[in-house]
Each structure stands twice: as C-alpha cells, then as structure tokens.
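So the sequence shown is numbered by my numbering: it starts at 91 and just counts up by one.
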Amino acid sequence: MNDIAKHHWWQKAVFYQIYPRSFADGNGDGIGDFAGMISRLDYLQQLGVDAVWLSPHYPSPYVDCGYDISDYQGVAPEYGRMHDFRQFLDGLHQRGMKLVLDLVLNHTSDQHPWFIESRSNRHNPKRDWYIWKDGKEGQPPTNWYSTFGGSAWEYDKLTSAYYYHYFFKEQPDLNWRNPAVKEAMFNVARFWLDMGVDGFRLDAIGTIFEDENYPPIPDGMSQEELYRLARNSLNPEADEKVLSYWARMYRYQSDQPEVHQLMKELRILLDEYEDRVLIGETDDLAFYGNGNDELHLNFNFPLMRTQRLTAKHVRRNQQERLAALPVRAWPCNTLGNHDSARVYSRYGDGENNSAIARLNLMLLLTLRGTPFLYNGEEIGMSDLIIEDPGRFRDPLSRLYAALDQKVMGSDKKTATLTGAMMGRDRNRTPMQWMDAPNGGFCPADIEPWLPVNSDYHTGVNVNAQEKDPGSLLNFYRALIKLRMQSPTLQTGAYEEIDPGNEEVLVFRRWDGSGSYIVALNFSDALQRAHLPDNPGMNIFCNIPNSVGWETGALPLLPYQGVIFSQERTVD
Ligand code: GLC
Numbered sequence: 091m092n093d094i095a096k097h098h099w100w101q102k103a104v105f106y107q108i109y110p111r112s113f114a115d116g117n118g119d120g121i122g123d124f125a126g127m128i129s130r131l132d133y134l135q136q137l138g139v140d141a142v143w144l145s146p147h148y149p150s151p152y153v154d155c156g157y158d159i160s161d162y163q164g165v166a167p168e169y170g171r172m173h174d175f176r177q178f179l180d181g182l183h184q185r186g187m188k189l190v191l192d193l194v195l196n197h198t199s200d201q202h203p204w205f206i207e208s209r210s211n212r213h214n215p216k217r218d219w220y221i222w223k224d225g226k227e228g229q230p231p232t233n234w235y236s237t238f239g240g241s242a243w244e245y246d247k248l249t250s251a252y253y254y255h256y257f258f259k260e261q262p263d264l265n266w267r268n269p270a271v272k273e274a275m276f277n278v279a280r281f282w283l284d285m286g287v288d289g290f291r292l293d294a295i296g297t298i299f300e301d302e303n304y305p306p307i308p309d310g311m312s313q314e315e316l317y318r319l320a321r322n323s324l325n326p327e328a329d330e331k332v333l334s335y336w337a338r339m340y341r342y343q344s345d346q347p348e349v350h351q352l353m354k355e356l357r358i359l360l361d362e363y364e365d366r367v368l369i370g371e372t373d374d375l376a377f378y379g380n381g382n383d384e385l386h387l388n389f390n391f392p393l394m395r396t397q398r399l400t401a402k403h404v405r406r407n408q409q410e411r412l413a414a415l416p417v418r419a420w421p422c423n424t425l426g427n428h429d430s431a432r433v434y435s436r437y438g439d440g441e442n443n444s445a446i447a448r449l450n451l452m453l454l455l456t457l458r459g460t461p462f463l464y465n466g467e468e469i470g471m472s473d474l475i476i477e478d479p480g481r482f483r484d485p486l487s488r489l490y491a492a493l494d495q496k497v498m499g500s501d502k503k504t505a506t507l508t509g510a511m512m513g514r515d516r517n518r519t520p521m522q523w524m525d526a527p528n529g530g531f532c533p534a535d536i537e538p539w540l541p542v543n544s545d546y547h548t549g550v551n552v553n554a555q556e557k558d559p560g561s562l563l564n565f566y567r568a569l570i571k572l573r574m575q576s577p578t579l580q581t582g583a584y585e586e587i588d589p590g591n592e593e594v595l596v597f598r599r600w601d602g603s604g605s606y607i608v609a610l611n612f613s614d615a616l617q618r619a620h621l622p623d624n625p626g627m628n629i630f631c632n633i634p635n636s637v638g639w640e641t642g643a644l645p646l647l648p649y650q651g652v653i654f655s656q657e658r659t660v661d
C-alpha cells in the first residue's frame with residue numbers, strides 16, 4: 091500500500107512560480123496585475139499545478155524588481171488592491187490550489203517607513219532596526235562586498251554613518267539581532283497567514299545574519315577579479331572554483347549559526363496554523379534542521395547549477411543530495427526561476443530544444459521531491475537578449491555591462507550584450523498568450539514593461555499550443571496529470587539503476603502499490619540501456635518513434651526519455 095495519505099499537500103504538489111509583473115495584464119497598461127492573474131485561474135487549473143509561488147506583490151519602488159519592499163502588508167497599486175489579492179487567493183482555493191507568498195526578511199526598501207525613520211537621526215527608536223556603523227566617508231567599516239556590486243556599506247551623510255546592505259544600496263539589511271525587528275516581521279507573517287495564504291518562500295534566507303565581529307575578508311581577491319574569473323570560466327571545474335571563491339568572499343555575511351534558531355521560531359509560528367509551508371531560497375541542507383523543525387523545503391539548486399544536464403551530473407547530484415538529507419526532510423527540485431536563464435535556452439543545444447525541454451521535465455517530475463516550475467517554461471519561452479540598454483529594467487543587467495567594460499575591456503556593444511545575457515531581464519519578459527501584437531500580453535499600442543519575445547509569432551504562445559495536441563504545453567499538462575494520478579511518483583522511494591551506460595540515467599520510483607522505471611537519454615546519440623527484467627509497460631515518452639526492444643537492452647533515441655510502469659494509475 092502507498093502511504094500517500096500520510097504526506098502533506100506540499101510534498102505531493104507541483105508548484106508554479108508566477109512573476110506578477112509579467113504574467114497577465116488585466117487593465118492593459120503593460121504591467122501584469124491581479125486582474126490578469128484572476129482571469130488566468132482556469133489556465134492554471136488546466137495546467138494541473140497544485141500551488142502557486144507568487145513573487146513579491148507588495149508596494150515597492152521596484153529597484154530590485156519588487157524584492158525591495160516598502161509596505162509588507164499591502165498590494166502594489168499597479169497590481170491592484172487588497173480586494174483583488176483576496177479574490178485571487180479565493181479563486182485558487184476554490185479550484186483546489188494553494189498560494190505561497192514571497193517573504194523578504196533580510197532587507198526592506200530604503201523607502202520603507204522603518205528605514206526612513208532609522209536614517210533620520212541617530213536617536214530615532216528605529217535606528218537600531220538596521221545595521222549602522224560609524225566611519226569616515228570613503229573608509230567603510232569592513233572590506234565586505236554587496237553581492238550586487240561594490241561595497242556592502244553605504245555612507246549616509248545625514249548622520250555621518252554607514253549602513254549595511256547585502257544587495258543593492260536601496261535594500262538596507264534589517265538588524266535581526268533586534269527583537270523588535272523579529273516581532274514586526276513575525277506580525278507580517280501572521281497577517282498573511284490569518285488571511286489564509288498557505289505559506290512563504292523565504293527570500294535570500296541565508297543572508298539574515300552577519301558575523302557580529304565584522305572581521306575583514308582576508309583573501310585579497312577583489313570582486314572584479316572574481317568577475318574576471320567567472321567570465322573566463324569555461325568548464326565545470328572552473329565553475330566550482332568560482333563558487334568556492336564566492337563562498338569564501340561572503341562567508342561572514344551569510345549562513346551564520348543564529349539563523350537556525352530564528353528558523354525554529356518561525357516554524358513554531360507557522361505550526362500554529364494548519365498545514366502551511368516554509369520554503370527556503372537556499373540549498374543549504376542545514377535549513378531543514380532535524381528534518382522537522384526548520385523549513386519544510388529547501389531548493390536543490392546544485393541540480394540546476396550546470397551548463398548542461400547530463401546523466402552523470404544528475405546521478406551525482408541525487409547521490410549526494412539524497413544521502414545528506416536529514417531523516418524526514420523532503421527534497422525539492424527546480425530547473426529555473428526569475429533569477430536564472432530560461433530552462434529552454436539554458437539546457438537546449440539549439441537544435442533539439444523541444445525534445446530536451448520535454449526530457450528535462452520528465453526528469454523534474456519523476457525525481458523524488460517537490461517540483462517547482464517557472465511561468466512560461468510550459469510553452470518553451472526562451473531568454474530574450476535585449477539589445478537596447480535603455481530597455482534594461484534589472485540593475486544587474488546594467489551592472490554587468492559596466493563591469494564588462496571596466497574589467498574585461500569590452501567595447502560598448504559587447505558589454506551591453508554581456509549585461510543582457512548576465513542580467514535577469516532576459517528571463518522575465520511578459521508571458522506570451524497568443525499570436526497577436528505584444529504576444530497578447532497587452533494592447534498593441536502599449537509598451538510592455540519589458541519587451542515581449544517576438545517568437546510568440548512562431549508558435550511560442552498559449553493559444554496556439556492549446557490547440558496543438560503535440561505542443562510542449564500539452565506535454566506539460568499530460569506529465570503533470572500523470573504525476574498527479576500516481577501516488578508512487580509523488581511520494582515513492584527513489585533508487586538508482588545502473589544501465590551500463592554513462593549517458594543514460596535510469597532510476598526506479600517505487601512503493602507498496604507499484605513501481606516506475608524512468609530511463610532518460612541525455613545525449614545526442616542513440617544509446618542502449620540495460621533495464622531490469624520486466625520493467626512494465628511503456629506509458630510515457632517524449633519521442634514516440636521508439637526503436638523497439640533488443641535482447642537485453644533498450645535503445646533510446648537522442649534525448650529520448652521513457653517511463654515504464656507497473657502501477658495502475660487512478661482513472
Ligand atoms: C533573491 C531573489 C532575487 C533578489 C534577491 C534580493 O535572491 O530571488 O530576485 O534580487 O533575493 O532580494
């Protein structure tokens with residue numbers, strides 16, 4: 091028997107991330123909003139997802155695209171009003187879906203009333219809500235960097251002091267060692283939980299605390315040198331080197347031990363409500379606590395941290411990750427989000443992108459753990475390289491363009507291209523709903539907040555794909571449905587199988603009620619995989635024209651994936 095009933099909804103669910111500014115524009119002003127999201131509730135239901143993670147919907151000056159919040163208990167006016175938010179929440183609940191909000195605890199906007207007060211004078215009661223240090227202009231308290239470029243300290247002339255910011259200077263870090271900050275933010279969490287939201291995705295959760303002794307970084311590698319190293323990194327080993335330098339550079343500014351006590355307290359708060367979820371934007375397994383006393387889910391980012399998904403990479407990732415997971419902790423997998431290149435572009439080879447996208451989804455939806463999708467990937471949206479820097483909206487696009495000129499000596503055109511490729515505008519462009527001007531996102535005579543990718547015209551749009559049984563959208567729907575109908579795929583055990591072939595990933599998902607064997611060929615050549623005897627019925631594949639069994643081996647076409655089942659799915 092399967093023990094599916096013992097599992098929580100967030101273990102069985104397929105999550106779908108909505109980036110509100112780009113999802114659907116209800117009032118035709120070129121910016122996504124709640125009216126748009128409400129009009130697409132049925133679309134979400136038909137896609138078959140169980141839960142939505144909504145990127146920040148709060149009032150924000152929008153320096154960091156909504157991750158700089160100026161009112162934690164409001165709704166951005168360009169997205170609608172609280173009434174619209176509630177309607178969206180109710181609409182999801184009525185259709186059996188959940189809603190998880192983005193909660194940014196590390197920092198606020200510099201336009202938040204708390205910071206405005208805090209910076210106003212040294213004796214303001216909110217002064218200690220942020221991290222202030224004395225210092226002379228031009229001599230920051232430490233040599234720490236902001237991960238978004240330059241010093242982590244900003245000099246404020248008004249009170250002749252520095253404040254600390256891990257991200258942009260418009261995102262001052264809160265001082266979490268001040269109990270009043272904790273109380274205020276816990277009240278924010280209660281506010282939304284009381285309204286009925288089903289949990290939070292905790293933004294940049296590892297950066298909440300800094301080493302309180304503020305030691306200098308001793309290594310001597312500058313951020314610009316690290317950037318040069320990253321730009322020149324050509325292979326996975328070099329990538330790992332960059333990552334390890336990066337971790338050293340920020341070691342005093344993230345993953346400090348106190349954060350775990352705080353997570354435990356937040357978990358206690360959450361557990362006062364029924365069956366809610368906390369999801370950490372971190373891959374650090376320590377955030378699971380003992381498996382049941384900190385966060386419910388933490389992303390397996392190492393899975394997506396590769397230029398190409400290969401059988402070898404996935405095998406190693408699963409071996410390491412699953413072995414290290416605390417008992418009772420639940421895995422969580424994703425291949426893309428609003429901060430990373432689009433799955434379709436990133437892992438595609440330019441020729442077989444459609445087959446590869448399907449293969450990758452087969453992986454994501456059959457691995458053990460809760461899968462997260464990012465809006466637009468279901469129709470194969472790809473990165474849009476914006477050539478006009480005047481259309482950049484993510485300051486990181488501008489930052490990388492400037493760095494490329496300065497550090498690499500690139501000319502302006504090359505630097506702009508680098509900015510467009512390394513920034514996050516490319517993967518945040520508006521959703522393509524139909525083959526109409528602006529992809530049907532907003533009216534023809536309105537300029538959308540980010541340009542729409544013109545490939546809406548060549549079939550990359552919802553409307554066309556709904557009508558085409560062979561479309562990527564219908565493939566997503568079918569596979570999500572298969573997972574939804576199969577308790578074994580949702581919660582069964584995972585066991586690696588050796589197919590006698592490095593290029594092919596084979597694993598079994600099984601429990602008392604049945605077993606699936608998944609065989610995925612991540613290479614561009616025909617491969618033979620040895621499977622166990624009687625693997626079951628071939629019930630799902632991304633490329634239909636299978637070559638047929640040979641004695642003892644299954645031939646798999648380039649990028650072909652097959653799922654065999656010995657389980658009866660629920661009709
Ligand atoms: C997280 C968000 C990212 C944001 C940053 C600062 O990493 O995903 O978009 O820029 O935090 O809030």
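For glycine and all other residues, C-beta sits at the position ideal for the given N, C-alpha and C.
Distance cut 5 Å, beta-carbon to the ligand GLC heavy atom: residue list by chain order: Spelled out in chain order, the answer is D154, Y157, F257, D293, A294 and D429.
6 Å CB neighbourhood of R573 in its chain, flanking five on each side removed: Result list for R573: L455 and L579, in chain order.
Flag this pair as touching only if the segment 495-508 and the segment 526-545 have three or more C-beta atom pairs under 8 Å; answer yes or no. By the C-beta criterion, the segment 495-508 is judged not to be in contact with the segment 526-545, since fewer than 3 inter-stretch pairs fall below 8 Å.
Whole-Å CB distance - P648 paired with R618, under 8 Å assumed: Cβ-Cβ separation between P648 and R618: approximately 13 Å, too far for a contact (criterion under 8 Å).
Rounded C-alpha distance that separates G80 from F389: A query on residue 80 cannot be resolved here, the shown segment of the chain reaching from 91 to 661 and no further.
As assigned by DSSP and simplified to three states, the class of K188: K188 falls in the strand class under three-state DSSP.
Would Q107 be called buried (16 or more neighbouring beta carbons within 10 Å of its own) or exposed? Around the CB of Q107, 16 or more other CB atoms lie within 10 Å, so the residue is classed as buried.
Take N268 as the anchor and find which of K216, S250 and F257 has the nearest alpha-carbon. That would be K216, whose Cα lies nearest to the Cα of N268.
What does the Cβ neighbour count give for R418, buried or exposed, with the cut at 16 atoms within 10 Å? Its Cβ having fewer than 16 others within 10 Å, R418 is exposed.
Specify, as a first and last residue, the run of the beta strand (DSSP E) that F654 falls within. For F654, the uninterrupted beta strand (DSSP E) segment begins and ends at G651 to S655.
For N442, collect the residues of the same chain with a Cβ closer than 6 Å to its Cβ; drop the 5 residues on either side in sequence, then sort them by chain order. These residues qualify, in order along the chain: Y649.
Using 8 Å as the Cβ pair cut-off and three pairs as the minimum, do the segment 617-633 and the segment 588-607 touch? The segment 617-633 vs the segment 588-607: in contact.
Leaving out five residues on either side along the sequence, give the residues of the same chain with a beta carbon under 8 Å from the beta carbon of E314. Excluding positions up to five away in sequence, the list reads L493, K496 and V497.
A144 vs L189 beta-carbon contact at 8 Å: Note that residue 144 is Leu in the sequence shown here, rather than Ala. Contact: yes.
On the three-state DSSP scale, how would you describe H197? Of the three classes helix, strand and coil, the one that applies to H197 here is strand, per DSSP.
Check whether the segment 262-281 and the segment 292-311 are in contact - that is, three or more C-beta pairs closer than 8 Å. Of all C-beta pairs linking the segment 262-281 to the segment 292-311, three or more are shorter than 8 Å, placing the two stretches in contact.
Could you tell me the alpha carbon to alpha carbon distance between P541 and G582, rounded to whole angstroms? Whole-angstrom Cα-Cα distance: 43 Å.
Out of N117, F124, A125 and D140, point me to the one whose CA is closest to Q101's CA. Among N117, F124, A125 and D140, the Cα nearest to that of Q101 belongs to D140.
Starting from Q65, follow the beta strand (DSSP E) in both directions and report where the run begins and ends. No statement about residue 65 is possible, as the shown extent of the chain runs from 91 to 661 and does not include it.
Can at least three beta-carbon pairs, one atom from the segment 346-358 and one from the segment 315-327, be found at a separation below 8 Å? Result no; under three Cβ-Cβ pairs closer than 8 Å.
Tell me whether the beta-carbon of Y566 lies closer than 8 Å to the beta-carbon of L137. Taking 8 Å as the Cβ cut-off, Y566 and L137 qualify as a contacting pair.
Is there contact here, the segment 223-233 with the segment 150-169, by at least three beta-carbon pairs under 8 Å? Contact between the segment 223-233 and the segment 150-169 is absent, because fewer than three Cβ pairs lie under 8 Å.
Would you call the CB atoms of I128 and G181 closer than 8 Å? In this structure, G181 lies closer than 8 Å to I128 by Cβ.
Less than 8 Å between the CB atoms is what I'm expecting for D545 and S472, so what's the real figure, rounded? Their Cβ separation, rounded to whole angstroms, is 7 Å, which keeps D545 and S472 in contact under 8 Å.
Boundaries of the beta strand (DSSP E) in which D601 is found, first to last residue: Unbroken beta strand (DSSP E) run through D601: V594 to D601.
Identify every residue that forms a DSSP beta bridge with S210. Partner(s): none; S210 has no beta bridge.
Going by alpha carbons, who is nearest to E537 out of I94, S112 and D93? Minimum Cα distance to E537 is reached at S112.
Is it the case that the Cβ atoms of I469 and A510 are separated by a distance below 8 Å? Not a contact, by the Cβ cut-off of 8 Å.
Rounded to whole angstroms, what is the Cα-Cα separation between A643 and G590? The alpha-carbon atoms of A643 and G590 are separated by roughly 10 Å.
Cβ-based burial, G120 [other Cβ within 10 Å; buried from 16]: Label assigned to G120: buried.
Does the structure place the segment 380-389 close enough to the segment 409-424 that three or more beta carbon pairs sit under 8 Å? With a cut-off of 8 Å, the segment 380-389 and the segment 409-424 count as touching, because enough Cβ pairs lie within range.
Taking just the CA atoms, how far does P392 sit from Q184? Rounded to whole angstroms, Q184 to P392 spans 35 Å at the Cα level.
Measuring CB to CB, does D158 end up less than 8 Å from P151? By the CB criterion at 8 Å, D158 and P151 fall inside the cutoff.
Apart from the five residues just before and just after G513, which ones in its own chain have a Cβ nearer than 7 Å to its Cβ? Non-local C-beta neighbours of G513 in its own chain, meaning closer than 7 Å and more than five positions away in sequence, comprise F482, D484, L486, S487 and Y490, ordered along the chain.
Would a C-beta distance cut-off of 8 Å place L399 and Y437 closer than the cut-off? Taking 8 Å as the Cβ cut-off, L399 and Y437 qualify as a contacting pair.
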